[in-house]
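Trainee: I am attaching a structure below and will ask some questions about it afterwards.
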């Protein structure tokens with residue numbers, strides 16, 4: 023579930039507590055969470071509603087200036103049911119703190135290497151974690167489709183694999199493409215047997231999407 027930046031700012035400020043979507047099937051569930059650029063958003067309720075049940079006040083709580091503007095946007099997606107989602111911000115994304123932790127003990131490094139090995143063994147296309155980490159290190163801020171092509175991979179499946187690395191705190195999503203986190207550079211250095219460092223694109227670099 024994606025949100026506009028303006029909507030995220032409203033969620034962070036507490037002025038936005040609803041979202042409306044037209045879906046063929048729900049993409050979030052009650053008590054689930056969504057990771058966003060501002061942190062983790064909790065889904066409190068997911069209800070199918072009629073347009074007539076949308077009050078004049080509810081679009082304001084979803085970040086729209088009026089009911090008419092909300093309904094006009096929904097009409098652009100005519101298929102599916104209308105869902106009203108109640109939500110609130112829980113707190114920061116734990117992966118943000120995790121990816122900055124580059125000073126790992128031998129035990130922590132060993133555990134991470136072991137988890138990467140399990141991802142490799144579970145893959146239908148063979149070992150991939152080291153290759154993808156190395157590719158992102160060499161080509162940061164590069165479109166996912168271009169990176170996938172370098173490995174002769176399907177873009178969607180490649181992005182799913184990168185998400186697995188992101189969940190371990192090893193990569194960061196940018197406005198375009200990815201880069202290794204400090205934690206990711208430490209792990210790649212262990213995999214390749216070279217000293218870890220800030221990397222060619224360390225520091226502030228391209229803007230992170232989280």
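Residue numbers (my numbering): 23 to 232. Ideal Cβ positions, reconstructed from N, Cα and C, are used throughout, including at glycine.
(1) Classify residue 84 as helix, strand or coil using the three-state DSSP reduction.
(2) Please confirm if the segment 116 to 133 is in contact with the segment 194 to 206, defined as three or more CB-CB distances below 8 angstroms between the two stretches.
(3) In angstroms, rounded to a whole number, what distance separates the CA positions of residue 90 and residue 152?
(4) I want to know whether the segment 123 to 135 touches the segment 66 to 85 - three or more CB-CB distances under 8 angstroms.
(5) What did DSSP end up calling residue 154 once you bin it into helix, strand or coil?
(6) If you count every other CB in all the chains shown that lies within 10 Å of the CB of residue 191, and 16 or more means buried, which is it?
(7) What first and last residue would you give for the alpha helix (DSSP H) that runs through residue 69?
(8) Please name the residue in 165, 46, 30 and 213 whose C-alpha comes closest to that of residue 139.
(9) Throw me the rounded Cβ distance for the residue 66 and residue 27 pair, which I believe falls under 8 angstroms.
(10) Tell me which residue opens and which closes the beta strand (DSSP E) that residue 41 is part of.
(11) Anyone know if the C-beta pair for residue 154 and residue 112 falls short of 8 angstroms?
(12) Using 8 angstroms for Cβ pairs, my map puts residue 104 next to residue 56. What's the rounded Cβ distance?
(13) Do you know whose CA, among 45, 161, 164 and 201, lies nearest residue 97's CA?
(14) Just list the residues that DSSP pairs residue 193 with in beta bridges.
(15) With distances taken between CB atoms, is the gap from residue 157 to residue 143 smaller than 8 angstroms?
Mentor: Looking at the coordinates:
(1) coil
(2) yes
(3) 51 angstroms
(4) no
(5) helix
(6) buried
(7) Where residue 69 is concerned, there is no enclosing alpha helix (DSSP H), although the beta strand (DSSP E) it sits in stretches over 61 to 70.
(8) 213
(9) With a Cβ gap of about 22 angstroms, residue 66 and residue 27 do not count as contacting.
(10) 40 to 45
(11) no
(12) So it is not a contact: roughly 19 angstroms between Cβ atoms.
(13) 45
(14) 202
(15) no
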